[in-house]
Amino acid sequence: MIKPLGERIVIKVVEDAEQTSGGIFIPDSAKEKPQKGEVVAVGLGKLNDKGEREPMDVKVGDVVLYAKYAGNDIKMDGVEYKILSVKDALAILE
Numbered sequence: 002m003i004k005p006l007g008e009r010i011v012i013k014v015v016e017d018a019e020q021t022s023g024g025i026f027i028p029d030s031a032k033e034k035p036q037k038g039e040v041v042a043v044g045l046g047k048l049n050d051k052g053e054r055e056p057m058d059v060k061v062g063d064v065v066l067y068a069k070y071a072g073n074d075i076k077m078d079g080v081e082y083k084i085l086s087v088k089d090a091l092a093i094l095e
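The sequence shown begins at 2 in this note's numbering and counts up by one.
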């Protein structure tokens, strides 16, 4: 598994449906880049000026929206992941 460093998180990319509610299939070339993912790993957090770790805003299992072109894409065992800074996570979906 991937263990992120510092204030980074690992996201398992969640693809949107390939079919519209009307039954039309959307080809890969017409899809927008996904911006939603499940947090699968979190770093220890950023060190502040006193040398203490600041708590992370997200935890493993959270589903987050993230900035469109943020982070680095990696693929392991056929699954697409993204490593990004916690500041690139825009919101937690509930």
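Glycine residues also receive a C-beta, built at the ideal position from the N, C-alpha and C atoms.
- In the DSSP assignment, residue 89 falls outside any beta strand (DSSP E), carrying neither H nor E.
- Secondary structure of residue 57 (DSSP, three-state): coil.
- Straight-line spacing of the CA atoms in residue 61 and residue 50 works out to 26 Å.
- Within its own chain, the residues whose Cβ lies closer than 7 Å to the Cβ of residue 66, once the five positions on either side in sequence are excluded, are 36, 37, 91, 92, 94, listed in chain order.
- The C-beta distance from residue 75 to residue 42 rounds to 12 Å, too long to meet the 8 Å contact threshold.
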